[in-house]
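Just so you know, the protein sequences line up as chains A and B, in that order.
In terms of this note's numbering, the first sequence opens at residue 121 and continues consecutively.
In terms of this note's numbering, the second sequence opens at residue 125 and continues consecutively.
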Amino acid sequence: MAKRKRYTRTPIVRPKKYCRFKKSGIKYIDYKNPDFLMAFINEQGKLLPRRITGTSLKYQRKVAVAVKRCRHIALLPYVADEMK
Amino acid sequence: MAKTNYESVVILTPVLSERMLQDAASSFEKLITENGGELIHKENWGLTKMAYPIQRKTTGFYQIFEFAADADAEIVDKLELAYRRDEQVLRYLTTKLDKHAVKYNERRRNGEFNKPKQKKEAAPAAQPAAKAAPTVEAKVESTTNEVEES
């Protein structure tokens, strides 16, 4: 019987995620700017989780409110198939 | 008493004429100032494409008011009551602004940001009617781009 070859997994090195609001000192998220909020939603128009965008909890809450307000004033869709 | 800053976004029906739009905007303005509010800024985005239809309309006139008022003056209640009674209003949103938002809006008005600068240009164009036309065209162009993307 042949000896099974052992694989050593090389660790995947990714750049560390950071909160863009903390880094660039943004204190207020404008709900009237859908282009900016596009970075925090997927192509269906759903909010992206923090583990993907790297946003801190404090600002994720604000992002969520801003996206919801933006949807209300019809600048972002509530439901979409392909947005981007 | 310390005043609170508010921001109110109103979407008006696209069937309005230029005059009717001005009338509606000025009537809301009057309501704000008459109830002890202080109008800080008003903005007119012109005819803007909406992300989804409201009352079977795909476009709307966006009008934004920023004002300061006493928190116990019930000015927001009165304003929203007027919005609800007005059939020209498709949608409205009034938000309280925190200190960061007030600062942000000031900077935005002064054109310190790149993106909102286009919107900023649309704001002073609200007063002279001649200037309003090109901004509307610009808006239409940007919306067609979005359509192509989607």
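All C-beta atoms in this analysis are idealised placements derived from N, C-alpha and C, irrespective of residue type, glycine included.
- At a cut-off of 8 Å between beta carbons, residue 175 of chain B contacts chain A.
- For a cut-off of 8 Å, the C-beta gap from residue 139 of chain A to residue 165 of chain A is around 22 Å, too long to register as a contact.
- In the structure shown, the three-state DSSP call for residue 134 of chain B is strand.
- Only residues of its own chain outside the window of five on either side were considered, and among them 133 have a CB closer than 6 Å to the CB of residue 217 of chain B, listed in chain order.
- For a Cβ distance threshold of 7 Å, residue set 147 and 148 of chain A lies close to residue 224 of chain B, ordered along the chain.
- A straight-line Cα-Cα distance of about 7 Å links residue 180 of chain A and residue 170 of chain A.
- Within chain B, the residues 176 have their CB atoms less than 7 Å from the CB of residue 198 of chain A, given in chain order.
- Here residue 201 of chain A has no same chain residue with a Cβ atom under 6 Å from its own Cβ, once five neighbours each way along the sequence are excluded.
- By the Cβ neighbour-count rule, residue 199 of chain A is exposed, with fewer than 16 other Cβ atoms within 10 Å of its own.
- In the three-state reduction of the DSSP assignment, residue 194 of chain B falls in the strand class, which pools E and B.
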